[in-house]
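J.: Listed in order, the protein sequences are those of chains U and S.
First residue of the first sequence? That's 785 in this note's numbering, and the numbers climb one at a time after it.
First residue of the second sequence? That's 785 in this note's numbering, and the numbers climb one at a time after it.
Using N, Cα and C, we set each Cβ at its ideal position, and we do this for glycine too.
Because the structure is a prediction, the values reported are computed rather than measured.
Number of protein chains: 2
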Amino acid sequence: MNASLTEPADALAIATLRGLIMDGVEAAKSGHPGAALALAPLGWTLFRHFLRFDPSTPEWPGRDRFVLSCGHASMLQYGLLHLSGYGLELDAIRRFRQLGSPAAGHPEWGHVPGVETTTGPLGQGVANAVGMALAQRHLAARFNREGHTVIDGNIVVIASDGDLMEGITYESSALAGHLRLASLLVFWDDNRITIDGTTDKSTSEDVLARFRAQGWATLDVENGDDLSALRAVIDTASRRDRPTLVRVRTLIGFPAPNKQNSPSAHGAPLGSDEVAATKALMGWKHPPFYVPAEVAEEREQLRSQGRALRAAWAERLRAYRTAFPELAAELCTAFGIDSTGQSSPSKASRSSIHDAVEQASVDSTAPHPLADLAATTAALLDGEGKLATRQSSGKVLAFLAERLPSLVGGSADLAASNNSYLKGQGDFVPTEGPQGSNQGAVPGTVPRNIFWGIREHAMGAACNGMALYGGVRPFAATFLIFSDYMRPAIRLAALMGLPVTYIFTHDSIGVGEDGPTHQPVEQLASLRAIHGLTVLRPADARETAGAWSVALTSPGPVALVLTRQAIGPVNGSAGASVARGAYAVFESNKPLQALLLATGSEVDIAVEAAATLDAEGIGVRVVSMPSWERFEAQPAQYRLSVLPPAVTVRVAIEAATPFGWARYVGEESAVVGMRSFGASGPGSELFAHFGITADAICARVRERLVAATSKASP
Amino acid sequence: MNASLTEPADALAIATLRGLIMDGVEAAKSGHPGAALALAPLGWTLFRHFLRFDPSTPEWPGRDRFVLSCGHASMLQYGLLHLSGYGLELDAIRRFRQLGSPAAGHPEWGHVPGVETTTGPLGQGVANAVGMALAQRHLAARFNREGHTVIDGNIVVIASDGDLMEGITYESSALAGHLRLASLLVFWDDNRITIDGTTDKSTSEDVLARFRAQGWATLDVENGDDLSALRAVIDTASRRDRPTLVRVRTLIGFPAPNKQNSPSAHGAPLGSDEVAATKALMGWKHPPFYVPAEVAEEREQLRSQGRALRAAWAERLRAYRTAFPELAAELCTAFGIDSTGQSSPSKASRSSIHDAVEQASVDSTAPHPLADLAATTAALLDGEGKLATRQSSGKVLAFLAERLPSLVGGSADLAASNNSYLKGQGDFVPTEGPQGSNQGAVPGTVPRNIFWGIREHAMGAACNGMALYGGVRPFAATFLIFSDYMRPAIRLAALMGLPVTYIFTHDSIGVGEDGPTHQPVEQLASLRAIHGLTVLRPADARETAGAWSVALTSPGPVALVLTRQAIGPVNGSAGASVARGAYAVFESNKPLQALLLATGSEVDIAVEAAATLDAEGIGVRVVSMPSWERFEAQPAQYRLSVLPPAVTVRVAIEAATPFGWARYVGEESAVVGMRSFGASGPGSELFAHFGITADAICARVRERLVAATSKASP
């Protein structure tokens, strides 16, 4: 492969970048030099000649977004951020992959300014980018006005063979092509090498034809070192009316003379000999981590260019504010910026997105629309009688849809079942318009409902991208059982702390006839096991209102776990108590002998059992426990008051695996739950069949009281 | 859409089938009539005129496999099985979707003869079928000889729009196209309707172009009611050299006059009025669940045709046995059949596949190759010193590869990291040969290593299909963190009880520099939460050998959870004890005051802590606990002896979330584990950073001893 680095300044910067990549990986004694080296010309061309950003204000909303989906090539991004004037200093790069260095093994959002999303698990980055483009589409329609384009930008991705082989990329690309998300520009690093060898061991797909079949434009660069070809293709791609895939043929590890084009360059340091040989070939005679003065000068140019770009945008914003003062105020609130377009210092933190989104729709003359949400919506729901919590959720959502314009999302083809469609709001539809145009800006047609298709994984990851873009509060809906399909994306939402709301309905054997493939058993436990995810399983309409209130004020992701079947209302339930995670809904008027802990549809059953036990003279309390995570976050005093340690006879009731409940009831045998997969049959029969009944609860309590008594007086 | 049902016998059977579908759904008052009705002509054409099966011997290995990937259309399959002479009687169909009926909401393997896999979660069926084709490819190469084709067959799938939108289908189709799995024939029910409405809300993909880009042949039927077109396309597809997708344009709900071509036909009964209108239109004047005598006669013909097909195969087998007696014996053992090709009655059960596979390679003159596997391989590994359990696993696998020819599998592009490549064995490679041909039959070139590509979900589901095909024992390898990508397939393996082995390496923060995206924290808990899955986390080489022994003798799926980093050997460890789930590896020579429970890499650390505590005069036992599930399966006496209830001071050590451990140690505060996501840095530093050290364990034990003492004597 012949290099044709025509511009001396670019050639020098690329050599510097390659030096940093090799030196960083060698110092770490671990890392992935191959793709980073080969992609240096593309990366530099994008950062120097295409992407719009201001390194002094990385969260400037008018910026382009860059996603390195192949996160293992992280040194490419760190090198670029360093050379572009972001605050990533050489010290961090010298400590690449070391504990405490922001230059972690894979790019982590919130650790390094300029990293737009945490990548590494393949395919997630592409789907995040699709979400960013969706957020931009929505915001452009909501805010842009004739002659006033305040929302636009490119969403640029570099993706590897591995990214493209993952199903999530296929799913998200299908949606992007369908909706003609023209802001999306994906560069495919076609290096024909994977960890196991050459790609021809596992794929022979015509990738460009595949993307064209999904409605994308495709372009080609035969030599990833050919700067003029790269610049030409980027120019072409800038005038696009649909998402674009650019194949860039590279040699992994280039220009390392002995390891290029070999899997050995993928995931291990080149070694000092090969680094020396490579630098000799490059004519690079500098010490490690060297940045020539000319390249440092490029950095200053990028800085001043960034300031100018942002100033021009601020000027546009000023004109917009004059013409549309209310919209401008909304926009600034949504992105946590002041009216000059400057991030307020307190907002420039990791939490800026959720802080901003919480307040996205605050009208300064009205009370916060979410103030007393639990009470307000619970009042709306009162008097409904028995109601599936998915229906309660739908009613809350209808209420919110009017008041929280930043709420954007949809279902993976189960909108009616998930009660997740925002009635009266616009839908995302394919559009022929060029990117950045004022799509669907007629009031009332702002797209807010996303038809994700039967693509749960893409839905989850795109919601992460929407949250990362900012200005929107995304939600995703499907059956609880299919949370498994999107689990890697949920984990990343938890890892990043993104405010995504999951509406998971059909939450137990209550699903009924669809049978064990559709009946969650272990999903509650496996979601609760994810650090940073709040799981809420409300017991009736009031608690559902409270759960939504928690969801919309949580900094991180929240899963709402809702019934298919009608339940409640539970006497004594309170929406406002959901935020505390657990509270008593039934209390005997006699000394407390036993605690019943239940969630969701089983609170009803527990209360029924409690009434029987109470009539027998047994003092019992029923604790509704919609959220373990919220409960654990309460002060010890509160927790001990709800679950007094002296009351050791405890039974938990949940139509799910007992796994994890020993935390609260000592042993899993104290759980009335599911000890197998479910079965096909009417839901009510299944509860009886699997022994999740008031009778079973009473029997379990009586047994355990006897055992406790005999233990106490042997 | 004009029907052109040219053959009266077929037309009558299809009308009967449609009647059964409507009647079944109406009786159940729930179900999915739309796709089932529309696909009746295709289903009948396949069963009557194409598929080779013997309803009297559903597990006959020479049969074609039929997979209804859109499992919600289950009444189509039940109707077909009834009309084809399988043992699914009208009583079962009358009780469609009722508790105890084999005719469950979605087709469940093991409940109904003729159902080849449990479907419902979309996309899984297509990927299962790819696995079946892989198993057949392997077995054909292993057993077929010039002039003796004993392994062949069609793998036929009906898939919906939803199936094709799921990423898992994309992944598995890419592999099928690459490997030219010509036995695979997928019919795409192109009805342009999903639950949320018309497919144009969420997709505008050129599906045929997409499949062609993946190396498939594509064919087209413009009218799914056109029997001659269906027969013609099937004839064409029979002479194929690659996997084939047939687009069949249908109208969902056809011929229901008012609900056809509408989402309302998808997931709810038509209602009695519409059923009546439909039957009137069909000229169907019979009572519900009516099967005319002429159609019953067709069933007899299918039965006798099936007997003849199987007899012909048995004849081939006889000739084969004469020519290749040893191979024939192996083949019969692999499939659990006697030498006449007849399933032995004891094998015709749900367990036949794993029973058979266990014995697949039994040479009658030698002892069972797995007898004393744990001891034999542990001996091989002894004296290795510190060794990553992934490396120990690799050595066991090398030992097994020679002795267990039915072991077939691979890694999702991490073969070297997972130590999962079977050295000296053949690879799956693209082949130009027509299906059924004697591919790669030269000894030593039998394909056993699958390069799955970066496609974890397809890998998981294809392994299910391989296990279902029979004759092989599949394994799948990736990093533990990416078990999340394949979780829906793992769940189905557990639900069906399929003997799939997962090799999950890089099992904790021990991953090191790759950071939190690659460090499992909640994966152990979330896998343990799956009913029917055995999770094994061995502490050293000996336990790894024991873990493989458990994996290969388990009827259901087993996850081996292995380290990246070198660990062990643990004094006192024993491969044979792994099967008991937990056992003591260290015991103080003084009265027992505290128990340390640990798994995998943390057993080492626990033993180090125990030595310190013991030196301080504290009586302590270290329990290595490689498998919770195996331990729970032991008699109470054993469990109580390992974990004496009187010893209440217990500390668990696991570099993972404490979630679930309260079961054994009372409360999660007694766990030395991970209370956050991980971080990027050298693995050894991370253990110190996150406080998973011998010092921390000792401190925790001392604290808890003090607390217990003060509680005992207030």
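1. Does alanine 1251(U) have its Cβ less than 8 angstroms from a Cβ in chain C?
2. Considering only residues of the region 1409-1442 of chain S, which uninterrupted alpha helix (DSSP H) runs meet the minimum length of 4 residues and lie entirely inside it, listed in chain order?
3. By the 10 Å Cβ neighbour count, where 16 or more other Cβ atoms means buried, how is proline 1041(U) classified, buried or exposed?
4. Are the Cβ atoms of phenylalanine 850(S) and glycine 1090(S) separated by less than 8 angstroms?
5. Just mark threonine 1328(S) as buried or exposed, buried being the case when its beta carbon has 16 or more other beta carbons within 10 Å.
6. I'd like to check one pair, glycine 1120(U) with glycine 818(U): are the Cβ atoms closer than 8 angstroms?
7. Can you give me, in chain order, the residues of the region 981-1015 of chain U that have a beta carbon less than 9 angstroms from any beta carbon in chain S?
8. If you scan the region 843-890 of chain U from start to end, which runs of the beta strand (DSSP E) of 3 or more residues do you find wholly inside it?
9. Within 8 angstroms of any Cβ in chain U, is that where the Cβ of proline 1151(S) sits?
10. Any beta carbon from chain S within less than 8 angstroms of histidine 1302(U)'s own beta carbon?
11. In terms of alpha-carbon separation, which member of Val896(U), Tyr1422(U), Ala1200(U) and Gly931(U) lies closest to alanine 1368(U)?
12. Which two residues bound the contiguous beta strand (DSSP E) that contains proline 1258(U)?
13. Is the separation between the beta-carbon of alanine 1344(S) and that of tyrosine 1286(S) shorter than 8 angstroms?
14. Quick check on proline 817(S): does DSSP put it in helix, strand or coil?
15. Taking just the CA atoms, how far does aspartate 945(S) sit from valine 1213(U)?
16. On the premise that arginine 1232(U) lies in contact with valine 1499(U), defined as a C-beta separation below 8 angstroms, what is that separation, rounded to the nearest angstrom?
17. What residue ranges within the region 893-928 of chain U form continuous alpha helix (DSSP H) runs of no fewer than 4 residues, ordered along the chain?
18. If distances are taken between C-alpha atoms only, which option among Ala820(S), Tyr870(S), Trp828(S) and His833(S) comes closest to tryptophan 844(S)?
19. Kindly give me the distance between the Cβ atoms of valine 1079(S) and threonine 800(S), rounded to whole angstroms, as I take these residues to be in contact under 8 angstroms.
20. Could you tell me whether the Cβ atoms of glycine 1365(U) and lysine 1063(U) are closer together than 8 angstroms?
21. In the DSSP assignment, what residue or residues form a beta bridge with serine 1195(S)?
22. State the DSSP-derived secondary structure class of valine 1362(S), mapped to helix, strand or coil.
23. Out of Ile805(S), Leu821(S) and Ile798(S), which one is the CA nearest neighbour of arginine 832(S)?
24. Just how far apart, CA to CA, sit valine 1501(S) and asparagine 1248(U)?
25. Can you check whether the C-beta of proline 905(U) is within less than 8 angstroms of a C-beta belonging to chain S?
26. Can you tell me whether leucine 1065(U) is buried or exposed? The criterion is at least 16 other CB atoms within 10 Å of its CB, across all chains shown.
27. Mind pulling the chain S residues with CB within less than 8 angstroms of serine 1464(U)?
28. Cβ closer than 9 angstroms: which chain U residues qualify as neighbours of threonine 1441(S)?
29. For serine 1338(U), I'd like the list of residues in its chain whose CB is within less than 6 angstroms of its CB, leaving aside the five on either flank, ordered along the chain.
30. Could you tell me the alpha carbon to alpha carbon distance between alanine 1245(S) and alanine 960(U), rounded to whole angstroms?
31. State buried or exposed for glutamate 1400(U), treating a residue as buried only when at least 16 other CB atoms are found within 10 Å of its CB.
32. Using a C-beta to C-beta distance shorter than 9 angstroms, which residues of chain S count as neighbours of alanine 1199(U)?
33. Can you name the start and end residues of the beta strand (DSSP E) that phenylalanine 1370(U) belongs to?
34. Does the pairing of the region 1196-1205 of chain S with the region 972-979 of chain U give three or more beta-carbon distances under 8 angstroms?
35. With three or more C-beta pairs closer than 8 angstroms as the rule, is the region 903-918 of chain S touching the region 1297-1305 of chain U?
36. Does the distance from the C-beta atom of leucine 1470(U) to that of valine 1433(U) stay below 8 angstroms?
T.: Answer, in terms of the structure:
1. Protein chains in the displayed structure are U and S, and chain C is not among them.
2. 1412-1416 and 1420-1426
3. exposed
4. no
5. buried
6. no
7. Gly981, Thr983, Asp984, Lys985, Ser986, Thr987, Ser988, Glu989, Asp990, Val991, Leu992, Ala993, Arg994, Phe995, Arg996, Ala997, Gln998 and Gly999
8. 849-852
9. With a pLDDT of only 48 at proline 1151(S), under 50, the local geometry of the prediction cannot be trusted, and the value read off the model is given with reservation. For proline 1151(S), the answer is no, since every Cβ of chain U falls outside 8 angstroms of its Cβ.
10. yes
11. Tyr1422(U)
12. 1257-1263
13. The residue you asked about is not alanine; residue 1344(S) is leucine in the sequence shown. Yes, Cβ-Cβ distance for leucine 1344(S) and tyrosine 1286(S) is below 8 angstroms.
14. helix
15. 19 angstroms
16. Here chain U has residues from 785 to 1498 only, and residue 1499(U) is not among them.
17. 908-927
18. Tyr870(S)
19. 5 angstroms
20. no
21. Phe1235(S) and Ala1261(S)
22. helix
23. Ile798(S)
24. In the structure displayed, chain S extends from 785 to 1498; residue 1501(S) sits before or after that span and is not available.
25. yes
26. exposed
27. Arg881, Gln882, Leu883, Ser885, Ala888, Gly889, His890 and Glu892
28. Ala1313, Ile1314 and His1315
29. Thr1318
30. 26 angstroms
31. exposed
32. Ile979, Asp980 and Gly981
33. 1367-1371
34. yes
35. yes
36. no
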